[in-house]
Structures are given as structure tokens and as C-alpha cells.
Amino acid sequence: MAARRAARTGLNGLFAVYKPPGVASIRVRDTVETLLLKELNSLEQPAVQQQVRFLPTTVEGNAGKELTLTVTQLPVLAAHPLVRGPEFTHLKIGAGHRLDTKSSGVFVLGVGHGNKLLTDMYNAHLTRAYTVRGLFGKATDDFSDTGRLIEKTTFDHVTRDKLERILAVIQGTNHKALLMYSNIDLKTQEAYELAVEGLIRPMEKTPPLITAIRCLQFAPPEFQLEIQCLHETQQYLRKIVHEIGLELKSTCVCTQVRRIRDGFFTLDNALLRTHWNLQNIRNSIQDSKSKVKVGLQRSLSCQARSGKRHTDMDQVAESKLHSTEGMSASDLTHKMR
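Numbering (the numbering used here), first residue to last: 3 to 339.
The structure is reproduced here in C-alpha cells:
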């Protein structure tokens with residue numbers, strides 16, 4: 003029933019909204035649903051169905067007043083809005099990869115058939131991109147600038163060259179881990195084709211992996227990074243910033259985590275709060291349909307091609323996965339060196 007209603011209203015697919023910081027993801031999802039329900043129920047409703055009834059009436063006859071039946075059309079009260087209530091009381095809106103309360107950026111939602119597409123996106127193991135801001139000279143208990151301060155350090159010795167060397171090490175070791183978890187024989191034509199298409203990725207759950215990391219701005223004590231990753235959490239990215247500070251013989255806290263891309267959706271596709279309405283969401287779903295379809299077909303075909311794996315490679319990957327679970331980024335870096 004919910005799927006049929008979604009199709010009838012044009013709400014059937016994926017769209018992205020911009021989640022502001024300080025708001026929980028579930029609150030954003032609930033707000034979008036509430037606004038859509040309110041607008042859908044304010045639309046012009048179909049005319050109330052009529053039914054034919056034979057009602058008794060009295061008429062003047064030869065013998066005085068006589069009882070007769072008169073054909074009358076009356077509304078079906080069971081279908082009247084005042085009886086049945088609003089037509090739309092629930093929309094099945096699913097949430098993609100969530101953002102924690104402190105983070106902001108692209109947040110993908112699905113409605114109707116879009117809920118299945120969210121599952122397909124998850125199974126495709128698509129990369130996401132973030133901009134992350136850091137601040138040298140402080141350390142807190144939760145790696146963010148709002149946490150409890152536990153240490154202050156100097157940072158005058160930190161240069162952009164030193165920072166970029168650390169980033170290069172992180173990217174190199176994570177690239178090795180990515181190849182390991184992808185279970186692809188690097189000497190094959192398949193590996194070459196996947197590398198050219200940028201489709202080398204693990205096809206199962208792994209520890210967080212960074213596929214690319216670079217410095218966008220460096221103005222001590224502040225700096226900004228762009229990080230592309232898989233299977234991450236926002237807290238993991240904050241911990242990366244903390245560990246970068248330690249590698250540079252200093253300390254560092256994360257002041258901002260902002261998602262700029264989630265799979266096929268970028269900031270340009272994310273609807274701002276003032277645009278969370280029926281027409282804009284319909285347009286966004288329609289605009290993204292072909293892009294999502296092509297992208298998923300491409301990723302799933304890659305999944306099928308890389309599905310022919312050797313048993314011994316699977317066993318090696320599984321044993322290494324268990325050995326690296328729970329390890330920090332710096333621990334993984336030293337292990338892979």
C-alpha cells in the first residue's frame with residue numbers, strides 16, 4: 003500500500019538533503035517525512051464517493067399521507083475525510099549512510115522503491131568523500147574541539163611538507179589494504195580493467211579504508227583535508243586527525259566533518275532545508291534516476307566480475323581482517339609498512 007501511494011504521488015526513488023551540524027540524522031529524516039505528509043494531505047482530494055439510497059418519504063395521496071421510497075444520492079461516510087482522517091499518515095522513508103550529530107553534509111534518503119536502492123548502494127560499497135578541518139595544539143577525550151581538554155602542545159615545527167608526507171604514508175598503506183581486501187590478482191587483465199575504471203574495492207564489510215587523502219588548506223594552527231573513504235564513521239575520521247597530530251609530534255583536534263559526496267550524490271544534489279518540499283523532492287528523485295541506475299549497474303557488474311575469487315585468497319583476506327579489526331589508523335600504518 004505504501005509503495006503504491008508513493009508511486010501515485012511521484013515519490014519513488016532516491017534523493018539527497020543537506021544535514022546541518024547539531025541535528026541527529028533521524029531527526030532530519032522525520033522532518034522530511036512530516037513536511038511531505040503535510041503537503042500531500044493539503045492537496046486537493048478526490049470527490050467523496052456517492053451511493054444510491056432509497057429513503058422513505060411521505061407524499062399526499064388519495065387516502066391522505068402515504069409512505070413511499072425516494073431514490074437519493076448520499077456521500078459514503080466511511081470515505082469522508084472527516085471520518086477516515088488524512089489520506090496519508092505514513093511514508094516509508096529510509097536513510098542511507100548516517101551522519102552523526104556533530105557532522106554535516108550530504109545525507110541520502112529513499113522513498114518507496116528507493117528503499118531497495120539504498121540496499122543496493124550499501125552492497126555496492128561506494129566511496130564517500132569528506133572535508134575535515136583540524137586544529138593543532140590541543141587534544142581532547144573525543145578528538146573533537148568540543149570535548150574535554152586533556153593536553154596542550156606546541157606546533158611551530160609542523161610544516162605543510164611534513165603533513166603531506168604523513169598523508170602520503172596513510173594513503174599508501176590504505177591502498178595496500180584495499181588491494182588485499184579486494185581479493186584481486188594484480189597480475190590479471192581483470193585487475194587492470196578495474197583499476198582503469200576506478201572500481202577496485204572490497205565487496206564485503208572491512209575495517210575503514212581511505213582511498214585518497216590530500217591537504218586542501220594549511221594555515222597553522224588550522225588545516226583542512228579532503229578524505230575519500232569506505233566503511234568509515236565520522237568518529238573514525240576525527241581519530242585520523244588526532245593520530246596525524248601524534249605522528250607530527252604534536253596534538254590535534256577535529257573541528258569539522260562535512261560529507262561532500264555519498265556515492266552518486268554530491269553537495270550540488272543535496273536539498274537545503276528551505277527546499278524540503280514535495281515539488282523539489284520530486285524533481286530531485288527524477289533528476290537522479292538515470293545516474294543511480296547507471297552507477298549501480300556499473301558497480302554491480304564490477305561485483306560480478308570480481309566474484310570469481312580463489313579460495314586461498316579468501317582465507318588469507320579473512321585471517322588478515324580478523325587480525326586488523328579494532329586497530330587504529332596508525333597501528334594499521336605500521337603493520338602495513
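C-beta atoms are modelled at their ideal positions from N, C-alpha and C, and glycine is treated no differently.
Bear in mind the structure is a predicted one, so any value in this text is a computation, not a measurement.
### Query
Where are the alpha helix (DSSP H) runs, 4 residues long or more, that stay fully inside the stretch 27 to 73, in chain order?
27 to 44
### Task
Work out the CA separation of Leu248 and His1 for me, nearest whole Å.
Any answer about residue 1 is impossible in this case: the structure gives the chain only from 3 up to 339.
### Task
Would you kindly report the start and end of the unbroken alpha helix (DSSP H) that includes Glu249?
Gln236 to Glu249
### Message
Within the continuous alpha helix (DSSP H) that includes Asp122, where are the two ends?
### Response
Gly116 to Ala126
#### Entry: Cutoff 8 angstroms; reference Tyr20; Cβ partners in own chain excluding five residues on either side
Ser106, Gly107, Val108, Phe109, Leu269, Ala272, Leu273, Leu274 and Arg275
### Query
Quick one: what does DSSP say Lys293 is sitting in, helix, strand or coil?
helix
### Message
Whole angstroms are fine: how far does the CA of Asn185 sit from the CA of Ile168?
### Response
27 angstroms
### Query
Whose C-beta lies closer than 6 angstroms to the C-beta of Glu153 among residues of the same chain, with five residues either side of it excluded?
Ala141 and Thr253
### Message
Using the three-state DSSP reduction, which class does Asn271 fall into: helix, strand or coil?
### Response
helix
### Message
Out of Phe266, Ala97 and Gln258, which one is the CA nearest neighbour of Arg2?
### Response
Past the boundaries of the shown model lies residue 2; the chain is included only from 3 to 339, so the question cannot be answered.
### Task
Check Gly136 in the structure and name its three-state DSSP category.
strand
### Task
Give the DSSP-derived three-state secondary structure of Leu280 in the structure shown.
helix
### Task
Along the alpha helix (DSSP H) that carries Asp1, what are the first and last residues, could you check?
Because the chain is modelled from 3 through 339, residue 1 falls outside the range shown and cannot be assessed.
### Gly174 burial status per 10 Å Cβ neighbour count (16 or more: buried)
exposed
### Query
Helix, strand or coil for Arg203 per DSSP?
coil
### Query
Apart from the five residues just before and just after Ser301, which ones in its own chain have a Cβ nearer than 6 angstroms to its Cβ?
Ala126
### Query
My guess is that Arg240 and Phe157 are in contact by the Cβ rule of under 8 angstroms, so how many angstroms apart are they, rounded?
Incorrect: roughly 18 angstroms between the Cβ atoms, too far for contact.
### Query
Over what stretch of residues does the alpha helix (DSSP H) that includes Gly107 continue unbroken?
Not the alpha helix (DSSP H): Gly107 falls in the beta strand (DSSP E), residues Ser106 to Val113.
### Message
If we require 3 or more residues per run, which beta strand (DSSP E) segments fall completely within the stretch 138 to 176?
### Response
140 to 142 and 151 to 154
#### Entry: Leu227 classed as buried or exposed, judged by whether at least 16 other C-beta atoms fall within 10 angstroms
buried
### Message
Quick check on DSSP: helix, strand or coil for Lys178?
### Response
helix
### Query
Under the three-state reduction of DSSP, which class applies to Ile287: helix, strand or coil?
helix
#### Entry: Sheet register partners of Phe90 (DSSP bridge)
DSSP output for Phe90 lists no bridge partner at all.
#### Entry: Where Arg130 falls: helix, strand or coil (DSSP)
strand
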